[in-house]
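Residue numbers (this note's numbering), protein chains in the order written: chain A, 23 to 311; chain B, 23 to 311; chain C, 23 to 311; chain D, 23 to 311.
Read the structure below first, then the notes.
Protein chains: 4
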Amino acid sequence: MSRTHSSWIFTAQCPSRIGTVDVVTRFLREENCYITELNSFDDRDSQGFVIRVEFRPEAPEFDSNAFQQRFSSRAAEFDMQFELTAPGTRMPVVIMVSKSDHCLNDLLYRYRTGQLSIDIRAIVSNHPDLEPLAAWHNLPYHHFPITAETKAEQEAQVWQVIEETGAELVVLARYMQVLSTDMCSKLSGKAINIHHSLLPGFKGARPYHQAYDKGVKLVGATAHYINDDLDEGPIIAQGVEAVDHTHYPEDLIEKGRDIECLTLARAVSYHIERRVFLLQKGKTVVFAS
Amino acid sequence: MSRTHSSWIFTAQCPSRIGTVDVVTRFLREENCYITELNSFDDRDSQGFVIRVEFRPEAPEFDSNAFQQRFSSRAAEFDMQFELTAPGTRMPVVIMVSKSDHCLNDLLYRYRTGQLSIDIRAIVSNHPDLEPLAAWHNLPYHHFPITAETKAEQEAQVWQVIEETGAELVVLARYMQVLSTDMCSKLSGKAINIHHSLLPGFKGARPYHQAYDKGVKLVGATAHYINDDLDEGPIIAQGVEAVDHTHYPEDLIEKGRDIECLTLARAVSYHIERRVFLLQKGKTVVFAS
Amino acid sequence: MSRTHSSWIFTAQCPSRIGTVDVVTRFLREENCYITELNSFDDRDSQGFVIRVEFRPEAPEFDSNAFQQRFSSRAAEFDMQFELTAPGTRMPVVIMVSKSDHCLNDLLYRYRTGQLSIDIRAIVSNHPDLEPLAAWHNLPYHHFPITAETKAEQEAQVWQVIEETGAELVVLARYMQVLSTDMCSKLSGKAINIHHSLLPGFKGARPYHQAYDKGVKLVGATAHYINDDLDEGPIIAQGVEAVDHTHYPEDLIEKGRDIECLTLARAVSYHIERRVFLLQKGKTVVFAS
Amino acid sequence: MSRTHSSWIFTAQCPSRIGTVDVVTRFLREENCYITELNSFDDRDSQGFVIRVEFRPEAPEFDSNAFQQRFSSRAAEFDMQFELTAPGTRMPVVIMVSKSDHCLNDLLYRYRTGQLSIDIRAIVSNHPDLEPLAAWHNLPYHHFPITAETKAEQEAQVWQVIEETGAELVVLARYMQVLSTDMCSKLSGKAINIHHSLLPGFKGARPYHQAYDKGVKLVGATAHYINDDLDEGPIIAQGVEAVDHTHYPEDLIEKGRDIECLTLARAVSYHIERRVFLLQKGKTVVFAS
Chain A
23 MSRTHSSWIF
33 TAQCPSRIGT
43 VDVVTRFLRE
53 ENCYITELNS
63 FDDRDSQGFV
73 IRVEFRPEAP
83 EFDSNAFQQR
93 FSSRAAEFDM
103 QFELTAPGTR
113 MPVVIMVSKS
123 DHCLNDLLYR
133 YRTGQLSIDI
143 RAIVSNHPDL
153 EPLAAWHNLP
163 YHHFPITAET
173 KAEQEAQVWQ
183 VIEETGAELV
193 VLARYMQVLS
203 TDMCSKLSGK
213 AINIHHSLLP
223 GFKGARPYHQ
233 AYDKGVKLVG
243 ATAHYINDDL
253 DEGPIIAQGV
263 EAVDHTHYPE
273 DLIEKGRDIE
283 CLTLARAVSY
293 HIERRVFLLQ
303 KGKTVVFAS
Chain B
23 MSRTHSSWIF
33 TAQCPSRIGT
43 VDVVTRFLRE
53 ENCYITELNS
63 FDDRDSQGFV
73 IRVEFRPEAP
83 EFDSNAFQQR
93 FSSRAAEFDM
103 QFELTAPGTR
113 MPVVIMVSKS
123 DHCLNDLLYR
133 YRTGQLSIDI
143 RAIVSNHPDL
153 EPLAAWHNLP
163 YHHFPITAET
173 KAEQEAQVWQ
183 VIEETGAELV
193 VLARYMQVLS
203 TDMCSKLSGK
213 AINIHHSLLP
223 GFKGARPYHQ
233 AYDKGVKLVG
243 ATAHYINDDL
253 DEGPIIAQGV
263 EAVDHTHYPE
273 DLIEKGRDIE
283 CLTLARAVSY
293 HIERRVFLLQ
303 KGKTVVFAS
Chain C
23 MSRTHSSWIF
33 TAQCPSRIGT
43 VDVVTRFLRE
53 ENCYITELNS
63 FDDRDSQGFV
73 IRVEFRPEAP
83 EFDSNAFQQR
93 FSSRAAEFDM
103 QFELTAPGTR
113 MPVVIMVSKS
123 DHCLNDLLYR
133 YRTGQLSIDI
143 RAIVSNHPDL
153 EPLAAWHNLP
163 YHHFPITAET
173 KAEQEAQVWQ
183 VIEETGAELV
193 VLARYMQVLS
203 TDMCSKLSGK
213 AINIHHSLLP
223 GFKGARPYHQ
233 AYDKGVKLVG
243 ATAHYINDDL
253 DEGPIIAQGV
263 EAVDHTHYPE
273 DLIEKGRDIE
283 CLTLARAVSY
293 HIERRVFLLQ
303 KGKTVVFAS
Chain D
23 MSRTHSSWIF
33 TAQCPSRIGT
43 VDVVTRFLRE
53 ENCYITELNS
63 FDDRDSQGFV
73 IRVEFRPEAP
83 EFDSNAFQQR
93 FSSRAAEFDM
103 QFELTAPGTR
113 MPVVIMVSKS
123 DHCLNDLLYR
133 YRTGQLSIDI
143 RAIVSNHPDL
153 EPLAAWHNLP
163 YHHFPITAET
173 KAEQEAQVWQ
183 VIEETGAELV
193 VLARYMQVLS
203 TDMCSKLSGK
213 AINIHHSLLP
223 GFKGARPYHQ
233 AYDKGVKLVG
243 ATAHYINDDL
253 DEGPIIAQGV
263 EAVDHTHYPE
273 DLIEKGRDIE
283 CLTLARAVSY
293 HIERRVFLLQ
303 KGKTVVFAS
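The following block contains the structure:
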């Protein structure tokens, strides 16, 4: 098990103010917690503070509930939201797909091998195609077809799955439908999409064809939280690959798959490991690894 | 289907000499073949010439046997070895693995989706662990255990599979056994190995631990043809990833998996697409894409 | 002196048609030219063919004028434009700058050391600031101030320098003025600009600020031929660098300088080495190295 | 001026122990210092702790001497070495070169533009060649020739310059002499060398030729602190560049220059910004940016 998976992780976020680091580190000291890694950042633009700490309790017994309770009052003073994540925690996840399977296949591999600490509760799709892949992993697969007329109903079905499974994260692994504003707002900050371009360049449909038409020498992918505008949410990770004149659009599509997989997997892993923070201005802090 | 997959590919290699390009291109013109891409290189060091052409026949009928026969006499003048590969050709392959499944999983995905034009005839392993993965893909899996005493026998079993399946390429996808000199020489130029370091750095066992001990800021992987010295054959592709002080050996191992998969897949695809040539001095020409 | 600098280079371009490779290679064979490297590409979209050959004449005497004359009639049959470049040719260049000196400094270094086979005939600027840098390299520096009113006159001055110096290439090394349509069309295909973003993303002014506002995790630079729209010409090279939340716009600007220098230098060197071809649809073929 | 240049920087290092973060952050709170960025790491292998803080004093007056004095007793409890660096501090530096000027040219550019907060006190060389470059920057240039017989004397001369100029950092910008053990130990932790390979691969002379002989597809550079073994000190930064079969050794050398410059500049800037810490086991912690 890797370093991060075996640590307790404490994360917090609040408006900028002097003392924000101290209130956390002093408490961890009092609680006899041994800090192995700490990163904090205070953003001058949005006036926001974020902190992430990896630590191990020194005492054999560690009562995380009591820990959180005791910290609550101090956090309140700073309007601080905080979260404590135990080692080995596996975040409940729903994955949404359409017909393309490369990102799903990649996520399932990382899930199966424990590389990604997620607990996939369901796979949801507007197409039946990827059911066998889900079946082989013994994962429930929900086929909810969608048309312009049934969009609201279909989203209700999807939402029900998310709710019933207790999913804390939704991963849009090349789900080719635009979510409604309502759905986006429900999923705000807890749904990650992969777009196959270096956003904000080439938004919308057929980004590789757009890129080809412009004769670019680099193509890329962007993993981002979804918000009202499907291709415009806060960016978590971007990846890039060199291409040349020999790549027609179909070659770019093929070439782009690897970078899509890697970028999405990296974003999900950063999210799972509590490395990502959303600032008010729609930007992210990512303590990458 | 991508550009390369829909073209005829002509490749040839011979000692350096004036006229090597002309003998090929003149013939292609006479045969009414339309060249869409051509790359040639004449190596001053090893005095070797290589050429790769993508083309389409202009005539509706194209008799590839007659084509090859007609070219043979001209090739002979130049001591030229040549090969003609039809569009959509799927090279018969045997994959060898031990317990790690990341490279196998990646290759199987690319095989399943047709991204890699290979025809996997068998998977061979010294361990039973990866049989279910093979089974899901409906591929024969041969478990040939190995000990110091049974090495010769086991290699004979492996060789039999290679022969019987007509495999033209053997991919060592993290097969953790050193092949005998005899086996290496039989497989010379037709077996690709992935080593988890930037060879020739960190040869041998536990390269990530070696890298960690040296405090490197980059780790990588090397795909190469095997020869007598398992980790020293001609290099086809290398990949690299940045790391930092937070990565202990187990983190490097985890981090390295992606670059191993990508580097091996790239090397196999270059080999399949006839982009790789072995020069006499043990180096490769790779017309990358 | 590197490989490319010591070779003759033959390049040609024409509409797609069978026999385009053969007409070139057959001629080179007849002329007793030894081909060390050849790359050709036939673009299915724009129906254009390009070829680049590095060769050395086998005969001690090589009459390049006669060579070109003899090839002309064959070229005519194919509507082929061709060019022959002698080893060590240094292309006459005018560099245009404003106040930023990083790209200029980088180009001057490569010029001084012969790494870039250019003959800088003049440096032109709308500001006096970089005159000392030019002076140290013993290069003429023309300060032509510009205002909205004097734009036409100033461009006439610039054009005069280009004409009088016989410059075959104009490098806009962070020249912060938009050229007139007339100037752009005069310079079409012979002027390279560096834009500090991954075009077509973040066109126009202050691209790093735009990138910051979008919270991107990668910034980049694009070297391109200029055309009517300053930031939209055919792309030659693009470079990219990872950034994170700690980079405010001023940090992005600082961080971006290296990639701007490298990308521009690479584009200029590709142009000088006749590796770049303009296709009709406004895209480039770049036989990179 | 970029973010980092306008902050106070506090760094400290000590043996691993609970409370190491708290002792720092509590003090900064007491001193009314506003933390904008903090990174700490506790290394399980060497049992060492490091921390780096960027902050701004809240009070208009900030007495840094008093600050340091007050912290000393607390630091003593933890055997903690600490350092306080004022905004805009320019570290006194001596640069050592031989005949190659690409790294020197690059460093001088960054120095001249303030991108690198260094105060170059002298340039020392065993050759006279680069004197004009120094002269143009109005920097003292010391030509100390060296032979096997005069090595001790020459090093004494060099050392005198380092001492007299008060240099806190020595940058070996392609200085092609092996330093004596004595000199190495005097410069331990305060001299950065650039080696033109991905150390520990291709140590010693002519690394690009070594790389060429192995047929590698990637070349790189390594910036490291020097120690007894010139090419084996703790690594600060590494860079890499893809190459292919068309690159002969002289091409690799040319191609490698950019990555050498960038890697050395990055290492120097990390050192200047107090982002680098030496762990006991000869490894570095680098809080990169």
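Where a beta carbon is used, it is the ideal one built from N, C-alpha and C, also for glycine.
Note that the structure is predicted; figures quoted are calculated from it, not measured.
Within the DSSP bridge table, the entry for C/Tyr163 names C/Ile145 as partners. Secondary structure note for C/His267: it is in no alpha helix (DSSP H), with a DSSP letter that is neither H nor E. For A/Ile40, the residues of chain D that pass the 9 Å Cβ criterion are Arg51, Asn54, Cys55, Tyr56, Ile57 and Glu80, in the order they occur in the chain. D/Arg196 counts as buried, since no fewer than 16 other beta carbons sit within 10 angstroms of its beta carbon. A contact between stretches requires three or more CB pairs, one per stretch, nearer than 8 Å, and the segment 90 to 109 of chain D fails this requirement with the segment 279 to 290 of chain D. Residues of the same chain with a CB within less than 7 Å of the CB of A/Leu301, apart from the 5 flanking positions on each side, are Asp65, Ser68, Gly70 and Val307 in chain order. Counting along the chain, A/Ser207 sits inside the alpha helix (DSSP H) bounded by residues Thr203 to Lys208.
Chain-order list of chain C residues neighbouring A/Asp266: Val308 and Ala310, by C-beta distance under 7 Å.
DSSP places C/Arg74 within a strand segment (E or B) once states are collapsed to three. For C/Leu106, the uninterrupted beta strand (DSSP E) run begins and ends at Gln103 to Thr107, by DSSP.
Counting only runs of 4 or more residues that sit fully inside the segment 168 to 194 of chain A, the alpha helix (DSSP H) segments are 173 to 187, in chain order.
Residue A/Cys125 holds the alpha-carbon nearest to the alpha-carbon of A/Gly278 among A/Glu76, A/Cys125, A/Leu209 and A/Ile145. Beta-bridge annotation (DSSP): C/Leu60 is paired with B/Ser62 and C/Val75.
Scanning A/Leu194, A/Val46 and A/Glu254 for the CA closest to the CA of A/Pro222 turns up A/Glu254. Relative to the Cα of C/Cys55, the nearest Cα in the group B/Cys36, B/Ile40 and B/Ala157 belongs to B/Ile40.
When B/Ala170, B/Gln199 and B/Pro162 are compared, the shortest CA-CA separation from B/Val183 is found for B/Pro162. C/Ser147 places its beta carbon less than 8 Å from that of C/Met118. Cβ-Cβ distances below 8 Å link B/Ile57 to Thr47, Leu50, Val75, Glu76 and Phe77 in the same chain, with the five nearest sequence neighbours on each side left out; the list follows chain order. Listed by position along chain B, the residues whose Cβ is nearer than 9 Å to that of A/Tyr131 are Asp123, His124, Asn127, Asp128 and Tyr131.
Pairing C/Tyr292 with C/Ala310, the inter-Cα distance amounts to about 7 Å. The Cβ of C/Lys225 sits no closer than 8 Å to any Cβ of chain A.
Here A/Glu190 really is in contact with A/Met113; their C-beta atoms are around 5 Å apart, less than 8 Å. Taking C-beta atoms under 8 Å as the contact rule, D/Pro271 and D/His231 qualify, at a distance of about 5 Å. Per DSSP, the continuous alpha helix (DSSP H) segment holding B/Phe89 begins and ends at Ser86 to Glu99. For the pair A/His267 and A/Ala233, the Cα-to-Cα distance works out to about 12 Å. As the crow flies, the alpha-carbon of B/Tyr133 is around 31 Å from that of A/Ala213. If you ignore the 5 residues before and after A/Ser86, its C-beta comes within less than 7 Å of the C-beta of Leu106 and Ala108, all in its own chain and listed in chain order. Against chain A, the beta carbon of C/Pro37 has no neighbour under 7 Å; the closest one sits roughly 17 Å away. C/Ala174 counts as exposed, since fewer than 16 other beta carbons sit within 10 angstroms of its beta carbon.
Residue state for D/Tyr197 is assigned as coil, using DSSP reduced to three classes.
Neighbours of A/Gln302 in chain B, taken as residues at a C-beta separation under 7 Å, are lacking, since the least C-beta distance is about 28 Å. Against chain B, a Cβ distance below 7 Å from C/Val43 picks out Thr47, Ile57 and Leu60.
DSSP places A/Thr306 in the strand class (E or B) of the three-state scheme. Nearest CB-CB separation between D/Gln260 and chain C: not below the 8 Å threshold. Of all residues in the segment 90 to 101 of chain C, none places a beta-carbon less than 9 Å from a beta-carbon of chain B. Judged by their CB atoms, C/Ala245 and C/Ile258 are nearer to each other than the 8 Å cut-off.
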